[in-house]
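Chemist:
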Amino acid sequence: SEAAADAAAAGGGGDPRAAQALAAELRAAHDRGPPRSTRNDPRFMETFFRSSRLHFIGTWKTRIEALMAEVEAGAPAPAPYSKGTERVILHVDMDCFFASVAAVGRPELAGRPLAVCHSNSARGTSEVSSANYLARSSGVCADMFISEARRRCPQLVVVPYEFDKYQAVSEQVYRILMSYTALVQPISCDEAFLDVTGLAPDPEQLASRLRAEIAHKTACTASAGIGPNMLVARLATKRAKPNGQFRVTRGSVLDFMGDLNVDQLPGVGWSLSSKLQTLGITSVRQLWATSRTLLQRQLGAKLGADLWAHAHGVDER
1 SEAAADAAAA
11 GGGGDPRAAQ
21 ALAAELRAAH
31 DRGPPRSTRN
41 DPRFMETFFR
51 SSRLHFIGTW
61 KTRIEALMAE
71 VEAGAPAPAP
81 YSKGTERVIL
91 HVDMDCFFAS
101 VAAVGRPELA
111 GRPLAVCHSN
121 SARGTSEVSS
131 ANYLARSSGV
141 CADMFISEAR
151 RRCPQLVVVP
161 YEFDKYQAVS
171 EQVYRILMSY
181 TALVQPISCD
191 EAFLDVTGLA
201 PDPEQLASRL
211 RAEIAHKTAC
221 TASAGIGPNM
231 LVARLATKRA
241 KPNGQFRVTR
251 GSVLDFMGDL
261 NVDQLPGVGW
271 SLSSKLQTLG
281 ITSVRQLWAT
291 SRTLLQRQLG
301 AKLGADLWAH
311 AHGVDER
């Protein structure tokens, strides 16, 4: 199970009292100092936003682009490949990134259900940012109120944000990715696409080697999906998690897509999923049995066409 895999990766269950004590120590260090406001600190807003989750998420792209420019300046151009070579896209996604980084070098947290959140209040409305698979096995998930998370998992260990650590590990990961190819498209601080077409005779071995290097250098695990385009590669990563990899070849795309539900397709949220249900469509195979014309009439020309293409594993990016 995912929880078992998480525990195995962490090296077994740690002492729950030691884990909670460490979490309390981290929160105390995070909160140390007198209450701050613009009244007693003119730079409060500047430093608050600099240390906030939204600021970190909002500025990651600038940091990664600067890093990529630095690396690319001294990197050789990628080897060309023939037009007949099957395109191979590798999607790499770190597993429960913030929670994984929090556990690095802290044996007290090994094998414990772990979440990252600003608050640990039993009545708090702060939202969980990241949860490891042990916590997820109890129903804890990202964007859940911490009060609900603690209700579902009373043993949950909650640690505060550590943005400097996230940035350092993110940069390590991107340096590793760019050591394989210059054709890297960042998606977030812990997720990217790589075009590895023609780089290795066996893309699965390449992915295994890359993931092993990430694990060795960062002590955090990554999952990977391999496919003929970005859409299929990203969906393959979801199949691979946690701490695994999965490949979909060009010839097996339809078999792979046919096993999915429509709500697994990109852009299909609750509203669109509900509308498709009214049309009797909950699976990709049911969508295949529906004409593209009907989808466009019911959903709009562009959305209907995009959904039809995605269901068939087509991605023109």
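Here full-length UniProt numbering is used: the first residue of the sequence shown is 1, the next is one more, and so on. Note that the Cβ used here is the ideal one computed from N, Cα and C, for glycine as well.
Does the separation of the CB atoms of L156 and T181 fall below 8 Å?
Modeler: Position 156 of the sequence shown, counting from 1, holds the residue named residue 156. Position 181 of the sequence shown, counting from 1, holds the residue named residue 181. Not closer than 8 Å, so no.
Chemist: Give me the Cα-Cα distance between D259 and I187, rounded to the nearest whole angstrom.
Modeler: As a working mapping, residue 259 is identified with position 259 in the sequence shown. As a working mapping, residue 187 is identified with position 187 in the sequence shown. Computed Cα separation, rounded: 26 Å.
Chemist: What are the partner residues of S119, as DSSP defines its beta bridges?
Modeler: By 1-based counting over the sequence shown, the position of residue 119 is 119. None, per the DSSP bridge assignment.
Chemist: Report the residue from V196, D202, L22, P203 whose alpha carbon sits nearest the alpha carbon of R106.
Modeler: In the sequence shown, counting from the first residue as 1, residue 106 sits at position 106. Out of V196, D202, L22, P203, L22 has the C-alpha closest to the C-alpha of R106.
Chemist: Report the option in T218, E148, A236, A219 whose CA atom is closest to the CA atom of G225.
Modeler: On the sequence shown, position 225 is the one that residue 225 refers to. Ranking T218, E148, A236, A219 by Cα distance to G225 puts A236 first.
Chemist: For residue 320 and C96, which I take to be in contact (beta-carbon distance under 8 Å), what is that distance rounded to the nearest angstrom?
Modeler: Examination of residue 320 is not possible in this model, given that the chain is present from 1 through 317 alone.
Chemist: DSSP beta-bridge partners for L90?
Modeler: Sequence index remark: in the sequence shown, residue 90 carries index 90 (1-based). According to DSSP, L90 bridges with L194, I226.
Chemist: If we ignore side chains and look at the alpha-carbon of each, how far apart do A66 and R151 end up?
Modeler: Along the sequence shown, one-based indexing puts residue 66 at 66. Along the sequence shown, one-based indexing puts residue 151 at 151. Taking the straight line joining both Cα atoms gives about 42 Å.
Chemist: Keeping to the same chain, check which residues put their C-beta closer than 6 Å to that of M230; ignore five residues upstream and five downstream.
Modeler: As a position in the sequence shown, residue 230 is number 230, starting the count at 1. So the list reads I89, F193, D315, R317, once near-sequence residues are dropped.
Chemist: Determine whether the beta carbon atoms of L210 and I176 lie at a separation below 8 Å.
Modeler: Locating residue 210 in the sequence shown gives position 210, where the first residue counts as 1. Locating residue 176 in the sequence shown gives position 176, where the first residue counts as 1. In this structure, I176 lies closer than 8 Å to L210 by Cβ.
Chemist: Could you tell me the distance, in whole angstroms, from the CA atom of S126 to the CA atom of I146?
Modeler: Reading the sequence shown from its first residue, position 126 is the one you call residue 126. Reading the sequence shown from its first residue, position 146 is the one you call residue 146. Distance between the alpha carbons of S126 and I146: 6 Å.
Chemist: Starting from S179 and walking both ways along the beta strand (DSSP E), at which residues does that stretch end?
Modeler: Along the sequence shown, read from residue 1 onward, the residue named residue 179 stands at position 179. S179 -> not in any beta strand (DSSP E); alpha helix (DSSP H) instead, spanning 163-180.
Chemist: So for V268, helix, strand or coil by DSSP?
Modeler: Mapped onto the sequence shown, residue 268 falls at position 268. V268: coil per DSSP, three-state reduction.
Chemist: Report buried or exposed for V284, applying the criterion of at least 16 other Cβ atoms within 10 angstroms of its Cβ.
Modeler: For the purposes of this step, residue 284 is taken as residue 284 along the sequence shown, with counting starting at 1. Looking at its Cβ environment, which holds 16 or more other Cβ atoms inside 10 Å, V284 is buried.
Chemist: My assumption, with CB atoms under 8 Å, is that G313 sits in contact with V232. Please give the rounded CB distance.
Modeler: Along the sequence shown, read from residue 1 onward, the residue named residue 313 stands at position 313. Along the sequence shown, read from residue 1 onward, the residue named residue 232 stands at position 232. Confirmed, about 5 Å.
Chemist: Going by alpha carbons, who is nearest to T218 out of K165, E204, Q298?
Modeler: As a working mapping, residue 218 is identified with position 218 in the sequence shown. Ranking the options by Cα distance to T218, first place goes to K165.
Chemist: Using the three-state DSSP reduction, which class does E316 fall into: helix, strand or coil?
Modeler: As a first step, residue 316 must be located in the sequence shown, where it is residue number 316. In this structure, E316 counts as coil in the three-state DSSP scheme.
Chemist: Quick one: grab the DSSP three-state call for P186.
Modeler: Here residue 186 refers to the residue found at position 186 of the sequence shown. P186: strand per DSSP, three-state reduction.
Chemist: Using the three-state DSSP reduction, which class does A131 fall into: helix, strand or coil?
Modeler: Residue numbering aside, residue 131 sits at position 131 when the sequence shown is read from its first letter. It is a strand residue.
Chemist: Provide the residue span of the beta strand (DSSP E) that contains V101, from first to last.
Modeler: Counted from its first residue, the sequence shown places residue 101 at position 101. That residue, V101, is in no beta strand (DSSP E); its alpha helix (DSSP H) goes 97-103.
Chemist: Do T293 and L279 have their C-beta atoms within less than 8 Å of each other?
Modeler: One-based indexing of the sequence shown puts residue 293 at position 293. One-based indexing of the sequence shown puts residue 279 at position 279. Cβ atoms of T293 and L279: not closer than 8 Å.
Chemist: Cutting at 6 Å between CB atoms, please list the residues of its own chain near E191, excluding the five before and the five after it.
Modeler: Your numbering for residue 191 matches position 191 in the sequence shown. Excluding sequence neighbours, E191 sits near D93.
Chemist: In chain order, what residues of the same chain have a beta carbon less than 6 Å from the beta carbon of R27, not counting five sequence neighbours either side?
Modeler: As a first step, residue 27 must be located in the sequence shown, where it is residue number 27. Once the five neighbours on either side are set aside, the close Cβ partners of R27 are P160.
Chemist: Compute the minimum distance between the beta carbon of S283 and the heavy atoms of the ligand NAP, and state whether it is under 7 Å.
Modeler: The model on display carries no ligand, and the ligand NAP is accordingly not part of it.
Chemist: Mark T197 as exposed unless 16 or more other C-beta atoms lie within 10 angstroms of its C-beta, in which case mark it buried.
Modeler: Along the sequence shown, read from residue 1 onward, the residue named residue 197 stands at position 197. Buried is the call here.
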